[in-house]
Amino acid sequence: MDTGLPDGWTIERVRSASGDSEAALLSLERLVVVEESGLADYTPLRPDVVLSFHGLCLVRADGDWFMGQLDIDGSIICWASCGPDLGEAIRGL
Numbered sequence: 007m008d009t010g011l012p013d014g015w016t017i018e019r020v021r022s023a024s025g026d027s028e029a030a031l032l033s034l035e036r037l038v039v040v041e042e043s044g045l046a047d048y049t050p051l052r053p054d055v056v057l058s059f060h061g062l063c064l065v066r067a068d069g070d071w072f073m074g075q076l077d078i079d080g081s082i083i084c085w086a087s088c089g090p091d092l093g094e095a096i097r098g099l
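The sequence shown begins at 7 in this note's numbering and counts up one residue at a time.
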């Protein structure tokens, strides 16, 4: 179930790096948007990986990781780009 994670990463490594023993890969079948400063509308993202950490999420789209929050309806609103490195993105949690 480590499909889509960068080379060298497993869900166990994600859990260890994040300190969240319940971190999980989520289905891509959900609305994912990013909030952009100064814009009234959200910009949709097309993620190829979604990781959940107790309500916070890291979403990879177009090679970059975005931090966001999992909504009750399963959608994700992202507010920050964390760059292309998963380890750096996890440290930003």
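Using N, Cα and C, we set each Cβ at its ideal position, and we do this for glycine too.
For residue i, which of helix, strand or coil comes out of DSSP?
| i | result |
| --- | --- |
| L11 | coil |
| A23 | helix |
Taking the beta strand (DSSP E) that residue i falls in, what are its first and last residues?
| i | result |
| --- | --- |
| R66 | L62 to A67 |
| A86 | I82 to G89 |
| L37 | From DSSP, L37 is part of no beta strand (DSSP E); its letter is neither H nor E. |
| G74 | D70 to L76 |
Starting from residue i, trace the alpha helix (DSSP H) both ways and give me its first and last residue.
| i | result |
| --- | --- |
| L92 | L92 to R97 |
| S58 | Premise fails: S58 lies in the beta strand (DSSP E), V55 to F59, not in any alpha helix (DSSP H). |
Quick check: the Cα distance between residue i and residue j, rounded to an integer number of angstroms?
| i | j | result |
| --- | --- | --- |
| T49 | W71 | 15 Å |
| S87 | V40 | 9 Å |
| L51 | D77 | 15 Å |
| E18 | A67 | 22 Å |
| L62 | W15 | 19 Å |
To the nearest whole angstrom, what separates the beta carbons of residue i and residue j, a pair I think is in contact under 8 Å?
| i | j | result |
| --- | --- | --- |
| D91 | H60 | About 22 Å separates the two Cβ atoms, so there is no contact after all. |
| G89 | M73 | With 8 Å as the limit, G89 and M73 do not qualify as a contact, their Cβ atoms being about 11 Å apart. |
| V55 | G93 | Actually they are not in contact, since the Cβ atoms of V55 and G93 sit about 14 Å apart, beyond 8 Å. |
| I83 | A23 | With 8 Å as the limit, I83 and A23 do not qualify as a contact, their Cβ atoms being about 24 Å apart. |
| L34 | P53 | 6 Å |
Exercise. Would you call the segment 43-51 and the segment 15-31 touching, i.e. three or more CB-CB distances under 8 Å?
Worked result: no
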